[in-house]
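Everything on this sheet refers to the single structure shown next.
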Amino acid sequence: MPEAEVAASGATTGSDPLWWRQSLVYQIYPRSFADANGDGIGDLRGVTSRIPYLTQLGVDAVWLSPFYPSALADGGYDVDDYRDVDPRIGTLRDFEQMVAALHAVGIRILIDIVPNHSSDRHAWFREALAGAPGSPARARYIFRDGRGADGSLPPDDLTSLFGGSAWERITEPHGTPGQWYFHFFAKEQPDFNWDNPEVHEDFLRTLRFWSDRGVDGFRVDVAHGLKKDMDAVERGGWTTDPEEVFAREGHPLWDRDDVHDVYAEWRRVFDEYDPPRMAVAETWVPLHRMTRYAAPEGLGQAFNFDLLKADFDAVQFRRIIDSSLDFATASGASTTWVLSNHDVVRHATRYGLPKGASRTGRGTDGVDWLFSGGDPAEVDAAAGLRRARAATLLMLALPGSAYIYQGEELGLQEVGQLPDAVRQDPIFHRNAGVEVGRDGCRVPLPWEPEGPSFGFGADGSHLPQPAWFRDYAVSTQDTDPASTLNFYRRALALRHDLQGAETLAWRASGSPDVLHFERPNGWQVVANFGTAPVPLPPGDVLVASSPLDGGVLPGETSVWLRS
Ligand code: NOJ
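Numbered per the numbering used here, the sequence shown spans residues 618 to 1180.
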């Protein structure tokens, strides 16, 4: 069978329609994972070459962040063409071969879909610039006339979530300053007009395009942002200040009820396939609003970032676990668990910041994903890693799917000190001096302790790796039984074998700093968030996040037991 057909048939991944409910998904940020052609940028052949690594790690699926043609104004979330591969990353043929090779070893693949905005190099946006005000080409985006006699003021004061105005003025085809277009994110990311049926049709085509190529599911970027009532913003006195967007419900540009009409259409496309394609919504909305995104007639699953935003704290973790499991019951979906991704400071670093340090650069809970990471000089890396391993072991035992981010299995720390000249993130460029942006978690992985890019590729990497990356190299950790990599491997293998019904029963722990619960199959989890050791309950130790000391569970340590 040709490789593409193997990919499309999902031959070795089976036909269970609910495969995703408790899966372990590994996020690959393709430009920073593995560089097969040695140009300093990770690529699809690099991913394929590292499939043995993914198999040994024990992942059920990979989620590939955008790999589409892009000027990289926002790390690939500025898409030029939704149905192609960036030539620097590979070809469609490479994509098909990668999918076939993943499926051949039983690993499924999710890809990122970016429906809120395209890039300003997308063919439709170029047509919009060449068209006239009011033309059908402009109606695919959100264009408005400016204020003031000569239209030189933006239509309103809305701000971009990346800083600065949310409006950018264009030059009309005849050379004069013209209309303005709306962009929730960078100016290179014009927002689509989701009131336009053409936009709907085009995304349905894209979903089929990739589903036909064997993709098992989609991670939907800014899933809550698509539908907008621009006029209501003016009428209701709303702003797009991140605090308001994230914290005030009923915003006319954010998390509107009519966005679910879009996902009902998408669901019909997903269900054309066997097994149905799955989707997970990126939704920065309160849990009770997340239910409809995760409903079976909608996208089917939603990212729950509550744990990622929490401190290393037993009370917070307990509250979040309970509310997340309630959410799972209400939505009918399994919940998701995330501690790190490409938008936030790595959790091994986050947990090493002094208590009370600003983790956001803005100081509001709602915009935690714009982390600045605090002052790198203040990070206690050893404590951060110890807590990260403890939190991870707890997370991996929870009912639902766990999403892990490339490099966390190495215990990798955030790269806090990058020269300004190499920073790529628009958050840095739009807020210089205030936000450092998200490049620190996107530095290419160290595969080897030596070499010009620590085995990432032949020659250099698109973001510089610090010398200390050598201490985290895959090949060194591979042979060290105490390494974080082998800790993850052990935990993932056990998780795979132990996984049963999506239930959890709390046990009395005897301490407010200790969480103790039991899953089916006698699988017990004890997490000590405090610093003092506590007695270890009876049972066979399966894996511990730090070395155990006789019959006690040391501080900041988790353990899995079997009774
Ligand atoms: C969420 C993505 O995860 C982030 O990386 C991106 O900058 C924004 N959406 C805009 O697409």
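All C-beta atoms, glycine included, are put in the ideal place defined by N, C-alpha and C. Remember, predicted model here, so these are calculated numbers, not experimental data.
For residue i, three-class secondary structure by DSSP
i, result
"D875", "coil"
"R976", "For R976, the predicted model reports a pLDDT of 49, less than 50, meaning its position is unreliable and no value from the coordinates is stated."
"G780", "coil"
"A1008", "helix"
"T953", "strand"
"T770", "Residue 770 is actually Leu in this sequence, not Thr. Reduced to three states, the DSSP call for L770 is strand."
"V984", "Since pLDDT at V984 reaches only 38, below the 50 mark, its modelled position is unreliable, and no value is offered."
"A919", "strand"
"Y685", "coil"
"A624", "In this predicted model, A624 has a pLDDT of only 43, less than 50, meaning its place in the structure is not dependable; the value taken from the coordinates is given anyway. In the structure shown, A624 sits in a helix (DSSP, three-state: H, G or I)."
"Y646", "coil"
"L641", "strand"
"T672", "helix"
"G795", "strand"
"I706", "coil"
"W811", "coil"
"E861", "helix"
"D997", "coil"
"E882", "helix"
"D1157", "strand"
"D711", "helix"
"A717", "helix"
"R1124", "coil"
"L1002", "helix"
"W636", "helix"
"L925", "helix"
"G1167", "coil"
Limits of the unbroken beta strand (DSSP E) element including residue i
i, result
"N1145", "W1140 to N1145"
"W1207", "Outside the modelled stretch of the chain, which goes from 618 to 1180, sits residue 1207, for which no answer is possible."
"H663", "According to the sequence shown, residue 663 is Gly rather than His. Careful: G663 lies outside any beta strand (DSSP E), inside the alpha helix (DSSP H) at L661 to S666."
"T1174", "T1174 to R1179"
"L1132", "V1131 to R1136"
"A898", "M895 to A898"
"V961", "Note, V961: premise wrong, no beta strand (DSSP E); not H, not E."
"R836", "G834 to V837"
Distance cut-off 7 Å: residue i Cβ against heavy atoms of the ligand NOJ
i, result
"G692", "yes"
"F802", "yes"
"D960", "yes"
"E1173", "no"
"V897", "no"
"V837", "no"
"V731", "yes"
Alpha helix (DSSP H) segment containing residue i, residue limits
i, result
"R1107", "T1101 to L1115"
"G853", "M847 to G853"
"V1091", "V1091 to D1095"
"F1071", "Counting along the chain, F1071 falls outside any alpha helix (DSSP H), and DSSP gives it neither H nor E."
"H964", "H964 to R967"
"A947", "A931 to S948"
"R906", "L904 to A911"
Any C-beta of chain C under 8 Å from that of residue i
i, result
"D633", "In the displayed structure, chain C is absent; only one protein chain is listed."
Assumed close pair residue i, residue j - CB separation to whole angstroms, cut-off 8 Å
i, j, result
"T823", "I726", "With a Cβ gap of about 16 Å, T823 and I726 do not count as contacting."
"M715", "L671", "M715 to L671, Cβ: 11 Å. No contact."
"A690", "A803", "5 Å"
"L1080", "L1035", "7 Å"
"L1121", "P1016", "6 Å"
The ligand GTP heavy atom lying under 7 Å from the CB of residue i
i, result
"D891", "This structure does not include the ligand GTP; its bound ligands are the ligand NOJ."
Report the residue ranges of all alpha helix (DSSP H) runs contained in full by the region 720-760; include only those spanning at least 4 residues, in chain order. 740-747
At 3 residues or longer, and completely inside the region 1011-1088: list those beta strand (DSSP E) runs for me, N to C. 1018-1022
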